[in-house]
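Asker: One structure, pasted below without further comment.
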Amino acid sequence: MERETLPVDVLIVGAGPAGLACAYHLKQLIKRANESGNGPGEVEIMVIEKARELGAHNLSGAVMDPRALNELMPDWREREFPVERTVEDEGIYYLTETGKFKTPWTPPPLRNHGFPIVSINRLVRWLGEQCEAEEILIATETPGQQLTYAGSRVTGVQTGDKGLNKSGEQKNSFEPGALIEARVTVLTEGTRGSLTKEATDKLNLHGEMPQTYVLGVKEVWELPKSLSTRGTVYHTLGYPLGDIFGGSWVYSMRDNFVSIGLVTDLAYKNPYTDPHYNFQKFKQHPWIKEMLRGGKLHGYGAKTIPEGGWFSMPKLYADGLLLAGDSAAFLNSQRLKGIHLAIKSGMLAAEAILYSLKKDDTSAQSLRIYKDLVDASWIREELWQVRNFHQAFESGFVGGMLQVGAQFVTGGRGFTSKILTGETSSHMRQVKSLGLKNRDEVLASRAKEFDRELTFDKLSDVYKSKTLHEEDQPVHLHVADTEICRTKCRDEFGNPCEFFCPANVYEMVADEERGGVKLQINASNCVHCKTCDIMDPYRIITWVPPEGGGGPEYTDL
Ligand code: SF4
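For any residue, its number in our numbering is found by taking its place in the sequence shown, counting from 1, and adding 62.
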């Protein structure tokens with residue numbers, strides 16, 4: 063097939079905080095270097111993004127540590143940066159099923175006083191405007207379908223085709239994806255990026271341990287009156303997660319909106335664990351129920367978060383390639399924060415690119431300076447302190463808290479210098495070994511609990527995520543062997559995809575022809591959280607980008 067070829071110098075895949083910070087910073091660095099007569103000359107920078115509009119696929123808490131933004135754009139407050147509120151009131155609570163206990167003090171990593179509460183959707187749109195003002199080319203509705211290589215060197219990206227039907231045949235509207243050739247490709251695709259996964263396997267960029275993930279499920283509510291006139295931030299532990307690592311947040315946003323969400327660790331044992339259901343249980347806690355009384359659901363979203371930390375970070379560079387942001391696990395799981403690390407990692411990637419372009423050498427040997435810059439920066443200092451944090455909870459909640467206490471006084475070491483763990487999905491146990499009830503009974507009894515006022519089923523929530531995909535296109539969730547779903551997985555794990563997917567994409571339906579059940583994939587519901595790519599116990603599900611522009615529309619989230 064004839065494909066248009068677009069040569070650029072630097073291609074950034076993913077217009078989130080890391081990608082846009084990289085583009086913006088690089089443009090500034092090049093300008094300054096060229097003005098001083100020491101620059102690489104004209105450099106073409108292009109950012110591609112799979113969403114229909116900037117920010118539409120960005121989801122987060124989020125209370126932002128402004129440290130990196132201060133470095134990127136010291137005058138950000140004067141540039142109409144979209145602050146929802148500034149944190150003035152905060153608290154940490156331990157929840158039982160009906161009660162709550164406030165911790166007498168807020169541990170330093172969770173102190174947010176003075177930080178801006180933001181909608182990451184608005185933040186990304188704003189960052190995009192700053193880039194566009196610098197004439198940086200940003201192409202939306204343009205997913206990176208696959209990387210292109212010359213031997214082991216990454217030479218760019220082939221973008222996704224548009225206008226294929228369900229069977230993969232060309233419709234009248236067909237437009238082939240382009241080949242974007244770049245001297246450096248920067249992957250800032252966000253969590254569990256499909257190109258990052260491909261490059262990590264092909265170029266052996268694996269970290270010391272596999273990445274470990276949690277799933278955040280979030281709703282934005284509009285209340286009859288504001289939660290508080292001050293920026294209020296609550297974090298909770300305990301109910302309804304029991305021994306599973308995780309917790310919740312409640313953040314007051316502009317006007318009467320409130321952001322509320324629950325993070326469930328995906329390294330769980332019980333295959334019936336359902337992060338969306340956990341979140342609905344959380345809202346039934348008397349304190350939260352009272353908080354939301356009279357309000358209405360405004361938005362919904364879900365996103366996996368890479369929480370493995372320092373030891374799970376992949377190798378950050380290869381020939382012609384750099385990784386930044388969530389794609390490379392720049393996230394502090396103890397502080398529940400990643401935006402500042404994403405921005406800073408994007409900036410350091412920009413500095414490594416400038417260095418390499420000036421030398422006219424974008425090989426791994428030259429780009430490795432990026433790793434040196436990360437190691438010398440406050441990123442390393444911050445992430446080294448929490449290098450064993452998430453893994454500590456593998457021994458359960460109480461054991462985890464004890465270890466975290468020890469880590470706190472030993473600069474992150476704790477009882478063991480390095481805690482390494484396995485693939486997230488490897489923790490899941492078989493139904494029989496846990497003596498669980500019949501899966502159908504569990505699903506049916508949970509469905510009865512949703513009242514559609516306070517608690518919602520997955521389909522009602524997906525509606526609020528404004529998720530849309532072109533219906534007549536190839537399914538973007540590739541299941542290598544659906545026979546496993548109807549037989550082995552049904553028997554051994556009770557089809558956990560029906561539980562872990564927060565968007566009701568996977569459904570086991572009656573198989574009229576053969577009897578029993580078969581897998582039905584409702585791909586158009588997919589909110590791009592990537593949980594299935596991580597959690598399928600047989601590793602037969604692969605998430606690939608759908609046609610450009612498809613997916614959630616996370617306005618205000
Ligand atoms: Fe998330 Fe996969 Fe469900 Fe899409 S299909 S919403 S990526 S779990």
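For glycine and all other residues, C-beta sits at the position ideal for the given N, C-alpha and C.
Can you say whether L496 is buried or exposed, counting buried as having 16 or more other CB atoms within 10 angstroms of its CB?
Answerer: Within the sequence shown, the letter at position 434 stands for residue 496. So L496 counts as exposed.
Asker: At a threshold of 7 angstroms, does T291 count as lining the ligand SF4 (C-beta to nearest heavy atom)?
Answerer: For the purposes of this step, residue 291 is taken as the residue at position 229 of the sequence shown. Because no heavy atom of the ligand SF4 lies under 7 angstroms away, the Cβ of T291 does not count as near it: no.
Asker: Which residues, in chain order, sit with a beta-carbon under 7 angstroms away from any heavy atom of the ligand SF4?
Answerer: Chain-ordered list of matching residues: A364, L539, F562, C563, P564, A565, V567, Y568, N587, C588, V589, H590, C591, K592, T593, C594, D595 and W605.
Asker: Please report the straight-line C-alpha distance between P69 and A201, rounded to a whole angstrom.
Answerer: Against the sequence shown, residue 69 aligns to sequence position 7. Against the sequence shown, residue 201 aligns to sequence position 139. In a straight line, the C-alpha of P69 is about 14 angstroms away from that of A201.
Asker: Quick check on Y313: does DSSP put it in helix, strand or coil?
Answerer: Taking the first residue of the sequence shown as position 1, residue 313 is located at position 251. Reduced to three states, the DSSP call for Y313 is strand.
Asker: Could you pull the DSSP bridge partners for G293 from this structure?
Answerer: As a working mapping, residue 293 is identified with position 231 in the sequence shown. The partner list for G293 (beta bridge, DSSP) reads V149.
Asker: Using a 10 Å radius around the Cβ and a threshold of 16 neighbouring Cβ atoms, would you call N450 buried or exposed?
Answerer: Your numbering for residue 450 matches position 388 in the sequence shown. N450 comes out buried.
Asker: Measuring only between beta-carbons, confirm whether D573 sits less than 8 angstroms from chain D.
Answerer: Judged by its chain identifiers, the structure shown contains no chain D, having just a single protein chain.
Asker: Report the option in R514, G103, F561 and Q273 whose CA atom is closest to the CA atom of P368.
Answerer: Along the sequence shown, read from residue 1 onward, the residue named residue 368 stands at position 306. Of the candidates R514, G103, F561 and Q273, the one whose C-alpha sits nearest the C-alpha of P368 is Q273.
Asker: Under 7 angstroms Cβ to Cβ from D598, same chain only, skipping five residues before and after it: list those, please.
Answerer: Sequence index remark: in the sequence shown, residue 598 carries index 536 (1-based). Same-chain partners within the cutoff: S487 and C559.
Asker: Kindly indicate which three-state DSSP category P171 falls into: helix, strand or coil?
Answerer: One-based indexing of the sequence shown puts residue 171 at position 109. Three-state DSSP puts P171 in a helix.
Asker: Is R184 closer than 8 angstroms to G117 when the C-beta atoms are compared?
Answerer: By 1-based counting over the sequence shown, the position of residue 117 is 55. By 1-based counting over the sequence shown, the position of residue 184 is 122. Going by C-beta atoms, G117 is nearer than 8 angstroms to R184.
Asker: If you drop the 5 nearest sequence neighbours on each side, which residues of the same chain put their C-beta closer than 6 angstroms to that of V145?
Answerer: One-based indexing of the sequence shown puts residue 145 at position 83. For V145, where only same-chain residues beyond five positions count, the Cβ hits under 6 angstroms are P178.
Asker: Any chance you could list the alpha helix (DSSP H) runs of at least 4 consecutive residues sitting entirely within the segment 422-470, in chain order?
Answerer: DSSP runs (the alpha helix (DSSP H)) wholly in the segment 422-470: 426-429, 431-438, 440-447 and 451-454.
Asker: Does the pairing of the segment 212-221 with the segment 235-253 give three or more beta-carbon distances under 8 angstroms?
Answerer: Yes: at least three Cβ pairs fall under 8 angstroms.
Asker: The alpha helix (DSSP H) that contains Y301, what's its start and end?
Answerer: Walking along the sequence shown from the start, residue 301 turns up at place 239. Careful: Y301 lies outside any alpha helix (DSSP H) and carries neither H nor E.
Asker: My assumption, with CB atoms under 8 angstroms, is that G474 sits in contact with V504. Please give the rounded CB distance.
Answerer: To locate residue 474, count along the sequence shown from 1; it is residue 412. To locate residue 504, count along the sequence shown from 1; it is residue 442. Actually they are not in contact, since the Cβ atoms of G474 and V504 sit about 39 angstroms apart, beyond 8 angstroms.
Asker: V125 bridges to which residues according to DSSP?
Answerer: Looking up residue 125 in the sequence shown gives position 63. Beta-bridge pairing links V125 to I179.
Asker: Exposed or buried, S122, counting other C-beta atoms within 10 Å across all chains shown (16 or more means buried)?
Answerer: For the purposes of this step, residue 122 is identified with residue 60 of the sequence shown, where counting begins at 1. Flag for S122 reads buried.
Asker: Can at least three beta-carbon pairs, one atom from the segment 518-526 and one from the segment 569-581, be found at a separation below 8 angstroms?
Answerer: No, because fewer than three Cβ pairs between the segment 518-526 and the segment 569-581 fall closer than 8 angstroms, the two stretches do not touch.
Asker: Quick check: the Cα distance between E159 and G323, rounded to an integer number of angstroms?
Answerer: Locating residue 159 in the sequence shown gives position 97, where the first residue counts as 1. Locating residue 323 in the sequence shown gives position 261, where the first residue counts as 1. When rounded, the distance between both Cα atoms is 17 angstroms.
Asker: Check the C-beta distance from A244 over to V72 and give it rounded, since I have them as a contact under 8 angstroms.
Answerer: Numbered from 1 along the sequence shown, position 182 holds the residue referred to as residue 244. Numbered from 1 along the sequence shown, position 10 holds the residue referred to as residue 72. About 6 angstroms; that satisfies the 8 angstroms criterion.
Asker: Tell me which residue opens and which closes the beta strand (DSSP E) that D71 is part of.
Answerer: Position 9 of the sequence shown, counted from the start, is the residue given in the question as residue 71. T67 to V75 is the span of the beta strand (DSSP E), which, as asked, contains D71.
Asker: Rounding to the nearest angstrom, what Cα-Cα distance links V606 and G613 in this structure?
Answerer: Position 544 of the sequence shown, counting from 1, holds the residue named residue 606. Position 551 of the sequence shown, counting from 1, holds the residue named residue 613. Roughly 12 angstroms separates the two Cα atoms.
Asker: Is the closest heavy atom of the ligand SAM to the C-beta of G382 under 7 angstroms?
Answerer: As for the ligand SAM, it is missing from this structure, which binds only the ligand SF4.
Asker: Measuring alpha carbon to alpha carbon, tell me which of P302, D327, R292 and A414 ends up nearest Y313.
Answerer: Taking the sequence shown and counting its residues from 1, the one referred to as residue 313 is at position 251. If we check each option's Cα against that of Y313, R292 comes out closest.
Asker: Rounded to a whole number of angstroms, what is the C-alpha to C-alpha distance between G309 and T298?
Answerer: What you label residue 309 is simply residue 247 of the sequence shown in a count that begins at 1. What you label residue 298 is simply residue 236 of the sequence shown in a count that begins at 1. Each residue's alpha carbon lies about 5 angstroms from the other.
Asker: What does the alpha-carbon distance come out to for the pair F512 and Q342?
Answerer: Your numbering for residue 512 matches position 450 in the sequence shown. Your numbering for residue 342 matches position 280 in the sequence shown. For F512 and Q342, the distance between alpha carbons rounds to 8 angstroms.
Asker: Would you say A80 and S439 are within 8 angstroms of each other, going by their C-beta atoms?
Answerer: By 1-based counting over the sequence shown, the position of residue 80 is 18. By 1-based counting over the sequence shown, the position of residue 439 is 377. No, the pair does not count as a contact, with Cβ atoms beyond the cut-off.
Asker: Consult DSSP for P79 and reduce its assignment to one of helix, strand or coil.
Answerer: Residue 79 sits at position 17 when you count from the first residue of the sequence shown. P79 falls in the helix class under three-state DSSP.
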